[in-house]
Amino acid sequence: MRVSAGLLMYRICNKSIEVFLAHPGGPLFQKKDEGHWTIPKGEPPEGELLLDAAVREFEEETGITPHGTYIELGSIRQKGGKVVHAWAFEGDHDDAQPIQSNTFEIEWPPSSGVRRSFPEVDHAQFFSLAEARKKLKDTQWPLVERLMLVLKNAGTKA
Numbered sequence: 434m435r436v437s438a439g440l441l442m443y444r445i446c447n448k449s450i451e452v453f454l455a456h457p458g459g460p461l462f463q464k465k466d467e468g469h470w471t472i473p474k475g476e477p478p479e480g481e482l483l484l485d486a487a488v489r490e491f492e493e494e495t496g497i498t499p500h501g502t503y504i505e506l507g508s509i510r511q512k513g514g515k516v517v518h519a520w521a522f523e524g525d526h527d528d529a530q531p532i533q534s535n536t537f538e539i540e541w542p543p544s545s546g547v548r549r550s551f552p553e554v555d556h557a558q559f560f561s562l563a564e565a566r567k568k569l570k571d572t573q574w575p576l577v578e579r580l581m582l583v584l585k586n587a588g589t590k591a
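What the sequence shown shows, in our numbering, is residues 434 to 591, in sequence order.
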């Protein structure tokens, strides 16, 4: 079973919750938008704690160093079977500032013999909950719902 760990950054803006989502880089996702955004996440190497992997992957894919208190959101199973463990944290980022993502290499175009590098994440930004519901992969939406429940139970006025 494949496992990933990720972080869902959120902020309270004008008394509303906004969540930070990442758009996958590379030619396969270039023209895909709604239903393709994700929380920054990745697969941990053997022996790495899941939360440590989530923090590392977030920084590698966005260039943003996460900090603060991490809220455990549990796990979800994506359509392909991968289990994603997630945590949330309150943070901020100026959406006008580009992110700095690590890269991956693939043969592109296929069967061309040419290998090219692409960013793992080509764009990331905050979305209102209504916008996030459209952008985020359906299977990851329960993570946002869990965050909303935690914040509501904590008395957050958002």
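In this text, a Cβ means the ideal position worked out from N, Cα and C, and glycines have one as well. Remember, it's a predicted structure, so these values are computed and weren't measured experimentally.
What separation, rounded to the nearest whole angstrom, lies between the Cα atoms of residue i and residue j?
{"i": "T498", "j": "A487", "result": "11 Å"}
{"i": "R599", "j": "E476", "result": "Residue 599 lies beyond the stretch modelled for the chain, which goes from 434 to 591, so this question has no answer here."}
{"i": "E538", "j": "R549", "result": "5 Å"}
{"i": "K568", "j": "D466", "result": "7 Å"}
{"i": "D527", "j": "E505", "result": "25 Å"}
{"i": "P543", "j": "N535", "result": "22 Å"}
{"i": "K448", "j": "V547", "result": "49 Å"}
{"i": "K515", "j": "S508", "result": "10 Å"}
{"i": "E492", "j": "D485", "result": "11 Å"}
{"i": "T589", "j": "E540", "result": "47 Å"}
Report, in whole angstroms, the separation of the C-beta atoms of residue i and residue j, which I expect to be a contact under 8 Å.
{"i": "G468", "j": "K570", "result": "6 Å"}
{"i": "E494", "j": "P460", "result": "In fact, because the Cβ distance is near 18 Å, the residues do not count as touching under 8 Å."}
{"i": "L562", "j": "I450", "result": "6 Å"}
By alpha-carbon positions, which one of the options ends up nearest to residue i?
{"i": "Q558", "options": "W470, L582, M581 and R510", "result": "W470"}
{"i": "V452", "options": "G588, G496, Q573 and G459", "result": "Q573"}
{"i": "F551", "options": "I450, F462, S449 and S437", "result": "F462"}
{"i": "E553", "options": "A455, P531 and S449", "result": "A455"}
{"i": "I532", "options": "V547, D555 and G513", "result": "D555"}
{"i": "V583", "options": "Y503, A529 and H518", "result": "Y503"}
{"i": "E490", "options": "S545, K585, R566 and H518", "result": "H518"}
Identify the continuous beta strand (DSSP E) that holds residue i and give its terminal residues.
{"i": "E523", "result": "V516 to E523"}
{"i": "M442", "result": "V436 to C446"}
In terms of residues, what are the limits of the alpha helix (DSSP H) holding residue i?
{"i": "E564", "result": "L562 to K568"}
{"i": "T495", "result": "L483 to T495"}
* Is the segment 523–534 touching the segment 434–447, taking contact as three or more C-beta pairs under 8 Å? -> Enough Cβ pairs lie closer than 8 Å, so yes.
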